[in-house]
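Student: Structure incoming, see below.
Number of protein chains: 2
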Amino acid sequence: MALTPVFDPPYYAVIFTTTQTEALDGYAETAERMEDLAKQQPGYLGIDSARSGVGITVSYWRTIDDIQAWKRNVEHTEAREQGRKQWYASYTLRVAKVEYNYAFGMP
Amino acid sequence: MALTPVFDPPYYAVIFTTTQTEALDGYAETAERMEDLAKQQPGYLGIDSARSGVGITVSYWRTIDDIQAWKRNVEHTEAREQGRKQWYASYTLRVAKVEYNYAFGMP
Numbered sequence: 080m081a082l083t084p085v086f087d088p089p090y091y092a093v094i095f096t097t098t099q100t101e102a103l104d105g106y107a108e109t110a111e112r113m114e115d116l117a118k119q120q121p122g123y124l125g126i127d128s129a130r131s132g133v134g135i136t137v138s139y140w141r142t143i144d145d146i147q148a149w150k151r152n153v154e155h156t157e158a159r160e161q162g163r164k165q166w167y168a169s170y171t172l173r174v175a176k177v178e179y180n181y182a183f184g185m186p
Numbered sequence: 080m081a082l083t084p085v086f087d088p089p090y091y092a093v094i095f096t097t098t099q100t101e102a103l104d105g106y107a108e109t110a111e112r113m114e115d116l117a118k119q120q121p122g123y124l125g126i127d128s129a130r131s132g133v134g135i136t137v138s139y140w141r142t143i144d145d146i147q148a149w150k151r152n153v154e155h156t157e158a159r160e161q162g163r164k165q166w167y168a169s170y171t172l173r174v175a176k177v178e179y180n181y182a183f184g185m186p
């Protein structure tokens with residue numbers, strides 16, 4: 080699996096951390112669709128995800144405006160509503176400005 | 080499993096994303112020790128980790144100075160050297176300032 084490469088700062092990270100319910104019908108399809116859709120948005124730079132106990136998804140964006148525009152996407156808004164109703168027991172979301180970064184062993 | 084709660088911004092996130100080798104002797108013990116040691120450092124706020132394919136660990140700190148001081152910790156420096164020599168095929172590390180955050184279903 081490939082990691083999202085680093086970029087010249089500043090750029091933005093959305094750190095989305097979750098715990099799930101057991102009612103995961105439809106979750107995997109929606110998560111995959113949201114990832115595909117995010118990749119088509121202006122300012123999208125990359126996404127990394129892992130889940131073991133908790134889930135962590137970090138997506139990277141050029142500007143805060145790009146993040147806000149993606150938040151307003153209708154299909155994304157519906158997916159978030161379904162997430163709160165059904166799939167997520169809890170979550171935190173943080174928007175953070177990357178000030179510096181470095182990489183090891185990346186292509 | 081409990082998520083790290085949100086805090087009043089600004090504060091800082093260290094987003095550490097990894098792929099591993101197959102030479103994981105000693106990794107689990109060191110990872111656990113580093114988490115215990117991080118918790119004792121000034122400015123430490125919390126940590127969330129998940130691994131599935133890639134690993135993502137996000138630790139939260141009050142200031143950049145707190146992050147830099149933890150980076151200079153001798154035992155932590157030795158662990159990072161071992162990580163590059165043995166456990167990690169690749170990694171990225173980003174230091175980012177949390178500008179806003181929100182939570183759902185948190186205690």
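Read top to bottom, the protein sequences are chains C and L. Counting with this note's numbering, you get residues 80 to 186 for the letters of the first sequence. Counting with this note's numbering, you get residues 80 to 186 for the letters of the second sequence. Glycine residues also receive a C-beta, built at the ideal position from the N, C-alpha and C atoms. All of these numbers come straight from a predicted model, not from anything done at the bench.
Which word fits C/L82, buried or exposed, when buried means at least 16 other C-beta atoms lie within 10 angstroms of its C-beta?
Tutor: Burial call: buried.
Student: Is the beta carbon of L/G184 sitting closer than 7 Å to the one on C/A158?
Tutor: No, the pair does not count as a contact, with Cβ atoms beyond the cut-off.
Student: Please state the DSSP three-state secondary structure of L/D127.
Tutor: L/D127 falls in the strand class under three-state DSSP.
Student: Does the distance between the C-beta of C/T97 and the nearest non-hydrogen atom of the ligand FAD fall short of 6 Å?
Tutor: Ligands displayed in this structure: none; no statement on the ligand FAD is therefore possible.
Student: If we call anything under 7 Å between Cβ atoms a contact, is L/V133 one with C/M80?
Tutor: For L/V133 and C/M80, yes; Cβs fall inside 7 Å.
Student: Taking the C-alpha atoms as reference points, what is the distance between L/V177 and C/R173?
Tutor: Approximately 6 Å between the Cα atoms of the pair.
Student: Within 10 Å of its beta-carbon, does C/Y179 have 16 or more other beta-carbons around it, so buried, or fewer, so exposed?
Tutor: Label assigned to C/Y179: exposed.
Student: Report yes or no: is there a C-beta of chain L within less than 7 Å of the C-beta of C/R112?
Tutor: C/R112 does not count as touching chain L.
Student: Short of 7 Å in beta carbon distance, which residues of its chain neighbour C/W149, apart from the five on each side in sequence? Order them along the chain.
Tutor: Once the five neighbours on either side are set aside, the close Cβ partners of C/W149 are A117, Q120 and H155.
Student: Identify the contact partners of L/F183 in chain C, using a Cβ-Cβ distance below 7 Å as the criterion.
Tutor: Those are R163, Y167, S169 and Y170, listed as they occur along chain C.
Student: For C/V77, count neighbouring Cβ atoms within 10 angstroms of its own Cβ and tell me buried if that reaches 16, exposed if not.
Tutor: Here chain C has residues from 80 to 186 only, and residue 77 of chain C is not among them.
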